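One structure is given here, and the rest of the page talks about it.
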Amino acid sequence: MNILVIGTGYVGTTMALIFCEMGHKVTGLDVDQDKLTSLQSGRLYFYEPGLEELLKKHIQSSQLRFTHDYAQAMKENSILFICVGTPMGEDGRADLSYVKNTANEIGKYMKSYKVIVDKSTVPVGTTEKVTEWIQESQVVKIPFDVVSNPEFLREGTALHDALHPNRIVVGTSSEKALKIMNQLYKDFSCPILETSPKAAELIKYAANSFLALKISYINEIARYCDTLCINVHDISKGIGLDERIGPQFLKAGIGYGGSCFPKDVNALLYSANKNNINLDVLETSVRLNEAQPFYFLDKITSILGDVKNKKMAVLGISFKPETDDIRESPAIKIIDQLLKLEATVKVHDPVAHINRDKAQQYSTVEETIDDTDAVIICTDWAQYKNLNWREMNKIMRSPYIFDGRNMLHPEEMKQLGFIYYGVGCC
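Per our numbering, residue 2 is the first one in the sequence shown, and the count goes up by one each step.
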């Protein structure tokens, strides 16, 4: 099949490469020439393990190309994937302006039947809006179908998730479009769930919101564990072994972040409120998550006292390991608050970068930790776990470790001479 992927961001680029791996000819379209230039040269402009190798492979094989020419791209491809951003507005709603602009362009240049697949995360009812926007901009009335096909990619493991999905959701009322989508995904062994477009759109929001709930729940339990001096690891394991609950997303820490959970949870809350429905549990979850980095910071200051002029080493600024994404990262909130408290902040991350005048980022962990009063772990990169902590202790001014991801073993760290604190493990 000839596939057009509109929007070469994180999702669009990943899906374009996966379709190439499946043997399809793919065109990536974007209005950002800098992105196109980078991708066409075989250089991934964001960090995601395994993708750059695939990018180079499929450019060299001519299986993949990039363009900004809507007219030509529409002519050459029969399946169009909308993979543009839906950023969160100030009131929490999903901003559909990029989706609308894309739909208008599709309508303007459409000359034959197309299946338009909405891969962007969008509110319930967007499939109908996209249909209307395309119809309004059509010069000649050409038949088409719009399908909702949400993505379930995790940053850091996107390649694995795209190649080995645990389900594929296809929302459409068109038998013709459904047949084409089933043909497109025929080589995948996972279940293909056929639903209405509205159900498909809600599945995406409901799934991310439920995972966010699990994180907020275990973080609230961790606060109680701090009070009772119980190790939250034991609680997580004890309830995670229940097959009805499962162990994933039950790791206590400083809260969730990134481009998906905060945006999607707030968009679901906004749309529910517009329909006069209060999602009280989800609203509480959001409040807990927003407060969690500051809960941990309060713990730090209650132990260290006034941190003014104290040297604080922050390890990890991306919202999770194996990505350079710092959007809504709890680490950024902690860094900004430390700067407000006039601490001297030294920062390290293997791939992510921070733009703060008063926070100095270092290229090595050793430089970051050297002569500091405390280490704060905000992202559980594997290299932090595997550090020679015995040597790190020797170069620190004071041996305090505040592990915001509970990635180190408390007893081992204490045996090495550290004063260790985690989240939910006193």
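No residue lacks a Cβ here, since even glycine has one placed at the ideal position from N, Cα and C. Because the structure is a prediction, the values reported are computed rather than measured.
Spatial distance of residue i from residue j (CA atoms)
i: Ala208; j: Ser260; result: 15 Å
i: Asn290; j: Val147; result: 35 Å
i: Ile304; j: Thr158; result: 36 Å
i: Glu53; j: Trp382; result: 20 Å
i: Glu244; j: Ser63; result: 46 Å
i: Ala74; j: Ser42; result: 19 Å
i: Pro331; j: Lys386; result: 19 Å
i: Cys84; j: Glu323; result: 22 Å
i: Val116; j: Ser210; result: 29 Å
i: Asn276; j: Lys205; result: 18 Å
i: Asn78; j: His25; result: 11 Å
i: Asp235; j: Leu409; result: 15 Å
i: Asn232; j: Met397; result: 27 Å
i: Leu40; j: Thr68; result: 10 Å
i: Arg224; j: Val140; result: 60 Å
i: Gln384; j: Leu212; result: 26 Å
i: Asp92; j: Asp281; result: 17 Å
i: Ile333; j: Thr380; result: 11 Å
i: Val376; j: Lys359; result: 17 Å
i: Glu412; j: Asp404; result: 13 Å
i: Val315; j: His349; result: 6 Å
i: Lys321; j: Ile335; result: 15 Å
i: Thr228; j: Ile222; result: 10 Å
i: Lys76; j: Leu283; result: 44 Å
i: Leu45; j: Met23; result: 20 Å
i: Asn274; j: Val287; result: 15 Å
Beta-bridge partners of residue i, as assigned by DSSP
i: Val424; result: Beta-bridge pairing links Val424 to no other residue.
i: Lys26; result: Asn3
i: Asp119; result: Ile83 and Ser149
i: Met408; result: Beta-bridge pairing links Met408 to no other residue.
i: Ile240; result: In DSSP, Ile240 forms no bridge with anything.
i: Gly172; result: Ser149 and Thr196
i: Val315; result: Val348 and Ile377
Proximal residues to residue i (C-beta, below 7 Å), its chain only, five neighbours per side dropped
i: Glu195; result: Val171 and Leu179
i: Lys215; result: Phe250 and Leu251
i: Val308; result: Thr302, Leu339, Leu342 and Ala344
i: Ser163; result: The sequence given here places Ala at residue 163; Ser does not occur at that position. For Ala163, where only same-chain residues beyond five positions count, the Cβ hits under 7 Å are Thr15, Met16, Ile19 and Leu154.
i: Phe189; result: Pro166 and Ile169
i: Cys191; result: Pro166, Asn167, Arg168 and Ile169
Cβ neighbours of residue i in the same chain (closer than 6 Å, five flanking residues each side left out)
i: Asn102; result: none
i: Cys226; result: Val233 and Gly425
i: Met89; result: Lys264 and Asn267
i: Ser149; result: Asp119, Thr128, Gly172, Pro198, Ala201 and Glu202
i: Glu152; result: Val12 and Lys120
i: Gly51; result: Leu160
i: Ile181; result: Val116
i: Phe82; result: Val6, Val118 and Lys120
i: Ile255; result: Gln293, Pro294, Phe297, Pro331 and Gly405
Residue i beta carbon near the ligand GTP (any heavy atom closer than 7 Å)
i: His354; result: Of ligands this structure carries none, so the ligand GTP is not represented either.
Residues near residue i by beta carbon distance below 8 Å, same chain, minus five either side
i: Phe419; result: Trp390, Asn394, Pro400, Tyr401 and Ile402
i: Pro388; result: The sequence shown places Leu at residue 388, not Pro. Closer than 8 Å at Cβ, skipping near neighbours: Val366.
i: Lys238; result: Pro248
Cβ of residue i within 8 Å of any chain B Cβ
i: Ser330; result: Annotation note: the requested chain B is absent from the structure, which comprises a single protein chain.
Hey, which unbroken runs of the alpha helix (DSSP H) at 4 residues or more fall wholly within the stretch 62-116?
71-77 and 98-110
The stretch 350-366 / the stretch 323-331 touching (three or more Cβ pairs under 8 Å)
Segments in contact, yes.
Count the CB pairs spanning the stretch 153-170 and the stretch 123-143 that are closer than 8 Å, and state whether there are at least three.
no
Uninterrupted alpha helix (DSSP H) stretches inside the stretch 244-307 (no shorter than 4 residues):
262-275 and 281-305
Assess contact between the stretch 261-272 and the stretch 391-400, defined as three or more Cβ pairs (one per stretch) separated by less than 8 Å. Is contact present?
no
Can at least three beta-carbon pairs, one atom from the stretch 291-300 and one from the stretch 108-128, be found at a separation below 8 Å?
no
Would the stretch 23-41 and the stretch 108-120 be scored as touching if the rule is three or more Cβ pairs under 8 Å?
no
Which parts of the stretch 329-410 are runs of the beta strand (DSSP E), unbroken and 3 residues or longer, counting only runs that do not cross its ends?
345-349, 360-362, 375-378 and 401-404
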